[in-house]
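Heads up: the structure comes next, in C-alpha cells.
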Amino acid sequence: MKKVLVNLKMYQTSKEEVEKYINDLKGENVILFPSFIYLEKYIENGFICGAQNISTNCVGAYTSEISVKSLKDLNVKYVLIGHSEVRKNFNEKEEDINLKIKKALEYGLTPVLCVGETLEEYNNQKTKEVIKEKLIKDLDNIKGKVIISYEPIWAIGTGKIPKKEEIENIVKYIKTLTHQEVLYGGSVSLDNIENLNQIDVDGFLIGKAGLDVSCLKKIIEVVSR
Ligand code: 13P
4 MKKVLVNLKM YQTSKEEVEK YINDLKGENV ILFPSFIYLE KYIENGFICG
54 AQNISTNCVG AYTSEISVKS LKDLNVKYVL IGHSEVRKNF NEKEEDINLK
104 IKKALEYGLT PVLCVGETLE EYNNQKTKEV IKEKLIKDLD NIKGKVIISY
154 EPIWAIGTGK IPKKEEIENI VKYIKTLTHQ EVLYGGSVSL DNIENLNQID
204 VDGFLIGKAG LDVSCLKKII EVVSR
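Using the numbering used here, the letters of the sequence shown map in sequence onto residues 4 to 228.
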C-alpha cells in the first residue's frame, strides 16, 4: 500500500491542539512528522513518527541541535532530510544532507530525502538535471534504504502542482537513478488526491492538508484503495 506521511512543520503550537489531533486521528495508518517537542506525545499514543531534521553530529557542544541518538532513544523511525524549507532557512548544504543521511542510517532511522526544483528551473526544463545533481551529492557513498520525496519547491504551500504526466515522469526518473521508494509532496489535497493516486508512486508527503483530520482521513481512504 502507498504510504501517507504528514509533515506537521511548525503548525501545532499548543498541547491542547496536539491532544485533539491525536484523539481525532488515532488508529489511522499514517506516519507523522511533528515538531520535536511533541514527538514523544505522538509516540506514546501509538503513532509511527519521524523527525523533521537531525544534526550532522551525535553528541557534544552543539547548542540547539537534535541528535539522532536521542531520536532513536524515543523510538522515532524516520527523519526528513533536505526539506526545501530547511535547505533555505538553515542554508543546508548537500554535504550536510549527505552526512545526515549517513547518521540516520547508522542509527537505524529511515531517511526521507526531499528533492525538487525551483519554478525557474521548472520553467527552463531543468528539473531532471537539478534533481540528478542533488541526488548524486546527497546519496554519495550511501548504502541502505532511503525514501526519496519528489517535492517541487514551487508546489509547496502554493496550491499549484505539476501535471500528472510530469510527476509520473520525474518519479520514474528518480526510481531509475536510485532504485528506492519515491513519494510525491507539494500541495497534495483532497481536491487532487484522486488524480495523484493514479500515479505509480510509493506514497505522499503531505503538509497543510494533513492538519485537518477529517480531510486527512479522506485522503488516507483514497490512497488505501
Ligand atoms: P504542502 O502540502 O503544504 O504544500 O507542504 C508539502 C510539504 O512541504 C511536505 O513536506
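Each residue gets a CB set at the ideal place from its N, CA and C atoms; glycine is no exception.
Nearest residue (CA-CA) to residue i, options the options
i	options	result
E154	R90, K105, E197	R90
I177	K5, E20, C117, I69	C117
Q128	G147, E169, K96	E169
I51	L138, V7, K131, R228	V7
N48	V21, G85, A54, T59	V21
L122	E109, I156, E136	I156
K106	E88, N56, S67, D194	N56
K148	L138, G30, L112, K18	L112
Y81	L208, M13, K221, K131	L208
K103	K135, L74, N60	N60
K75	G85, S67, I46	I46
E124	N10, P114, E136	E136
I164	E132, E120, I150, I69	E120
K5	D203, L219, K220, V115	D203
Y41	K175, I84, I25	I25
V225	I196, G189, G206	I196
L186	D194, E171, L193	E171
I134	S87, E109, K146	S87
I150	K12, T66, G85	G85
K44	S192, N78, N144	N78
K72	T66, L83, S58	S58
K18	G162, S38, N144	S38
N10	D27, A54, E98	A54
D143	A158, E97, G162, I173	E97
L108	K146, I69, D205	K146
P114	E132, L83, F36	L83
D205	L193, K175, S192, D194	K175
Cβ-based burial, residue i [other Cβ within 10 Å; buried from 16]
i	result
A64	exposed
F93	exposed
S152	buried
Q201	exposed
N198	exposed
N101	buried
D141	buried
T16	exposed
V62	exposed
S227	exposed
I139	exposed
G189	buried
G160	exposed
T66	exposed
E68	exposed
G162	exposed
G30	exposed
E95	buried
For residue i, the residue or residues it bridges with in DSSP
i	result
S152	C117, L186
F36	N10
F207	V7, Y187
A54	V82
Decide yes or no for the touch test of the segment 214-228 against the segment 176-185: beta carbon pairs closer than 8 angstroms, at least 3 of them. no
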